[in-house]
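Below: one structure, written as structure tokens.
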Amino acid sequence: MQYALLIYSRPGAAEGLSADEREAVHRTYMELKDVPGMVGGASLHPVETATTVRFVDDAVLITDGPFADTKEIFGGFYLLEADDLDRATEIAARIPAVRLGGSVEIRPVVTDEA
Amino acid sequence: MLASLIGYFGDFDLAEDATAEAFAAAAQRWPSDGVPDNPVGWLVTTARHRAIDRLRRDRVLAAKLRLLAASDRQLATGDSMDTTAIPDERLELIFMCCHPALAVEAQVALTLRAVGGLSTEEIARAFLVPPETMKRRLTRAKSKIKVAGIPFSVPSGSRLPERLGAVLAVVYLIFNEGYGDPDRPGLAAEAIRLGRVLAALLPAQPEVLGLLALMLLHDSRRDARFAGDEHGQDLVLLPDQDRSRWDWRQITEGRALLELALEPGGSGPYVIQAAIASLQAEERLDWPQIAVLYGALAERTGSPVVRLNRAVAVCEADGPAAALAIVDQVELPDYQYWHSTRAELLRRLGRRDEARAEYRRALDLARTAPERRFLERRIAEP
Chain A
0 MQYALLIYSR PGAAEGLSAD EREAVHRTYM ELKDVPGMVG GASLHPVETA TTVRFVDDAV
60 LITDGPFADT KEIFGGFYLL EADDLDRATE IAARIPAVRL GGSVEIRPVV TDEA
Chain B
0 MLASLIGYFG DFDLAEDATA EAFAAAAQRW PSDGVPDNPV GWLVTTARHR AIDRLRRDRV
60 LAAKLRLLAA SDRQLATGDS MDTTAIPDER LELIFMCCHP ALAVEAQVAL TLRAVGGLST
120 EEIARAFLVP PETMKRRLTR AKSKIKVAGI PFSVPSGSRL PERLGAVLAV VYLIFNEGYG
180 DPDRPGLAAE AIRLGRVLAA LLPAQPEVLG LLALMLLHDS RRDARFAGDE HGQDLVLLPD
240 QDRSRWDWRQ ITEGRALLEL ALEPGGSGPY VIQAAIASLQ AEERLDWPQI AVLYGALAER
300 TGSPVVRLNR AVAVCEADGP AAALAIVDQV ELPDYQYWHS TRAELLRRLG RRDEARAEYR
360 RALDLARTAP ERRFLERRIA EP
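Protein chains in written order, with numbering that gives the first Met the number 0: chain A, 0 to 113; chain B, 0 to 381.
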């Protein structure tokens with residue numbers, strides 16, 4: 000099975016961290032890329048760089064900023080090949096955002112065989 | 000049997016349908032051909048073959064082909080043809096049904112359906128929802144198990160205590176649904192049956208034994224807890240219950256299980272609650288001891304409801320004033336029993352008007368008929 004681990008961070012979560020702690024968080028994100036079964040993923044630039052596209056009154060409307068103001072900001076994702084949900088939650092629990100007030104949403108990926 | 004098929008095919012619906020077909024085949028064949036030497040083995044083998052036939056018919060679905068390939072491999076090794084050794088996979092099934100990735104109400108429904116063998120209609124009736132709602136709930140849950148890859152397995156070592164907690168919570172929730180309502184006694188009996196299955200499969204887990212002991216001890220008072228006629232049942236409080244109507248065989252069994260749970264040092268929430276229930280079956284209630292146990296339980300669980308229960312014991316041990324001080328430290332404005340407990344303490348302190356107001360708030364929240372009748376009587380008292 001393939002799972003997308005969608006990472007939502009609490010805004011400002013990194014601010015209270017020391018340089019060493021930030022370094023450790025970064026290192027963990029890098030290490031997770033090498034976990035067995037990890038097949039992809041992406042880290043996104045901050046939400047201030049976001050642009051939203053909508054269709055309003057028969058016209059494409061382009062605005063600055065994210066689609067919605069939320070308490071947690073979508074910051075990136077991993078793509079994991081795993082036997083079952085328990086393995087996926089095990090990896091998800093190691094993602095630093097989880098311990099920094101954020102959360103990880105696990106979604107099974109639609110694959111050709113299903 | 001269902002458990003072993005779900006484990007085998009990894010597909011809930013397929014296993015259920017195949018099981019039903021196997022039973023139908025048995026009903027047709029056994030009367031003329033005679034009952035086979037190993038009826039369960041015959042049923043499992045037949046169901047597996049039916050399921051494989053069905054998978055072959057569904058070839059268009061590549062996902063199911065994958066299952067078929069896996070089954071064929073196992074068939075080739077001869078593993079499925081062994082009808083004498085049917086693995087007991089009920090535990091895997093229970094852990095799958097009570098996986099925390101499913102909503103609690105779905106866990107409860109699935110467990111009753113798959114482990115307890117209740118029909119969708121029976122579960123719907125027990126939880127007072129329309130059958131269609133329950134059907135949708137079950138379908139959604141089964142679909143999530145398949146699509147999200149919820150495993151059919153017993154969690155390993157370090158994860159077991161936490162996941163076992165979820166399983167026990169589901170069983171206890173089923174028990175309490177039935178225990179609180181004389182119109183739904185089947186649920187309590189079903190929870191006890193589930194508790195027995197768990198105790199047989201995990202005899203070394205004190206909390207499993209503790210939960211079964213707790214349910215048996217509480218349920219032993221079922222015939223004495225309500226009194227009344229066809230117009231309605233009234234709640235009878237513990238000190239007023241007719242002890243001769245208690246099920247003493249069940250109390251003895253519950254206490255024996257409690258001993259087994261205490262022996263290896265069991266001191267989890269269910270073991271403590273069973274110990275309290277055991278003390279409550281004594282002729283003369285040892286309220287100070289009960290209050291101590293509730294204190295230990297409150298420390299372990301941090302539950303305000305437990306602190307409320309401790310207050311009830313403290314009231315009997317040290318009087319209503321000491322108890323009211325505890326109750327006022329716990330704020331549970333949406334909890335019926337917080338109001339009814341406060342009301343009872345105020346009544347004993349002679350503060351009638353305040354008591355009546357609290358009884359009214361409890362009445363607004365009361366769900367079962369006997370409780371409402373009890374509260375109405377208290378409000379009507381001069």
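Where is the CB? At the ideal position from N, CA and C, for every residue including glycine.
Because the structure is a prediction, the values reported are computed rather than measured.
C-beta contact flag for residue i and residue j at 9 Å
i: D82 (chain A); j: P150 (chain B); result: yes
i: G101 (chain A); j: R9 (chain A); result: yes
i: M214 (chain B); j: V170 (chain B); result: yes
i: C314 (chain B); j: E282 (chain B); result: no
i: I275 (chain B); j: L296 (chain B); result: yes
i: L364 (chain B); j: D333 (chain B); result: yes
i: L292 (chain B); j: L307 (chain B); result: no
i: Q335 (chain B); j: E370 (chain B); result: yes
i: M37 (chain A); j: I90 (chain A); result: yes
i: A100 (chain B); j: A168 (chain B); result: no
i: R341 (chain B); j: R377 (chain B); result: no
i: T50 (chain A); j: D68 (chain A); result: no
i: A108 (chain B); j: F126 (chain B); result: yes
i: L216 (chain B); j: L197 (chain B); result: no
i: L99 (chain A); j: V24 (chain A); result: yes
Minimum Cβ-Cβ distance from residue i to chain B less than 9 Å
i: I94 (chain A); result: no
i: Y2 (chain A); result: yes
i: A91 (chain A); result: no
i: P107 (chain A); result: yes
i: L5 (chain A); result: no
i: L79 (chain A); result: no
i: R9 (chain A); result: no
i: D82 (chain A); result: yes
i: A87 (chain A); result: yes
Alpha-carbon spacing of residue i relative to residue j, whole angstroms
i: R299 (chain B); j: P268 (chain B); result: 7 Å
i: Q272 (chain B); j: D10 (chain B); result: 37 Å
i: L257 (chain B); j: A18 (chain A); result: 53 Å
i: G11 (chain A); j: E104 (chain B); result: 36 Å
i: I173 (chain B); j: L78 (chain A); result: 38 Å
i: A223 (chain B); j: V304 (chain B); result: 24 Å
i: R221 (chain B); j: G15 (chain A); result: 56 Å
i: V128 (chain B); j: S42 (chain A); result: 45 Å
i: D78 (chain B); j: E20 (chain B); result: Annotation note: pLDDT 43 at D78 (chain B) (below 50); position unreliable, no value reported.
i: A280 (chain B); j: I250 (chain B); result: 8 Å
i: V166 (chain B); j: I93 (chain B); result: 7 Å
i: Y2 (chain A); j: L137 (chain B); result: 23 Å
i: L323 (chain B); j: M95 (chain B); result: 43 Å
i: A316 (chain B); j: L236 (chain B); result: 17 Å
i: V207 (chain B); j: S266 (chain B); result: 12 Å
Sequence-distant residues of its chain with Cβ nearer than 7 Å to residue i (five each side left out)
i: G116 (chain B); result: none
i: E47 (chain A); result: none
i: V59 (chain A); result: V52
i: D12 (chain B); result: K141
i: P130 (chain B); result: T119, E120, A123
i: E80 (chain A); result: Q1, G36, V38
i: D285 (chain B); result: L278
i: F66 (chain A); result: T51
CB contact check: residue i to chain A, cutoff 9 Å
i: I149 (chain B); result: yes
i: P160 (chain B); result: no
i: V169 (chain B); result: no
i: S266 (chain B); result: no
i: S152 (chain B); result: yes
i: A2 (chain B); result: no
i: H98 (chain B); result: yes
i: V146 (chain B); result: yes
i: S70 (chain B); result: Any reading at S70 (chain B) must be qualified, since the residue scores a pLDDT of 46, below 50, and its modelled position is unreliable; no value is offered.
Integer-rounded CB distance, given that residue j should sit under 8 Å from residue i
i: G382 (chain B); j: V270 (chain B); result: Residue 382 (chain B) cannot be examined here, being either before or after the span of chain B that is shown, 0 to 381.
i: W337 (chain B); j: L345 (chain B); result: Contact flag wrong, Cβ pair sits at about 13 Å.
i: Q204 (chain B); j: L259 (chain B); result: That belief does not hold up - the Cβ atoms of Q204 (chain B) and L259 (chain B) are roughly 11 Å apart, past 8 Å.
i: R89 (chain B); j: L200 (chain B); result: 7 Å
i: A320 (chain B); j: I289 (chain B); result: Contact flag wrong, Cβ pair sits at about 19 Å.
i: I5 (chain B); j: A14 (chain B); result: 4 Å
6 Å Cβ shell around residue i - same chain, five flanking residues per side excluded
i: Y7 (chain A); result: E71, F73, G101, S102
i: A61 (chain B); result: A caution first: A61 (chain B) carries a pLDDT of 49, below 50, which makes its placement in the model too unreliable to give a value.
i: E104 (chain A); result: L5
i: S152 (chain B); result: E91
i: V108 (chain A); result: Q1, A3
i: S219 (chain B); result: W245, D246, Q249, I250
Cut-off 8 Å between Cβ atoms - residues of its own chain near residue i, not counting five sequence neighbours on either side
i: F54 (chain A); result: L60
i: L234 (chain B); result: R224, F225, P369, E370, R372, F373
i: T88 (chain A); result: I105
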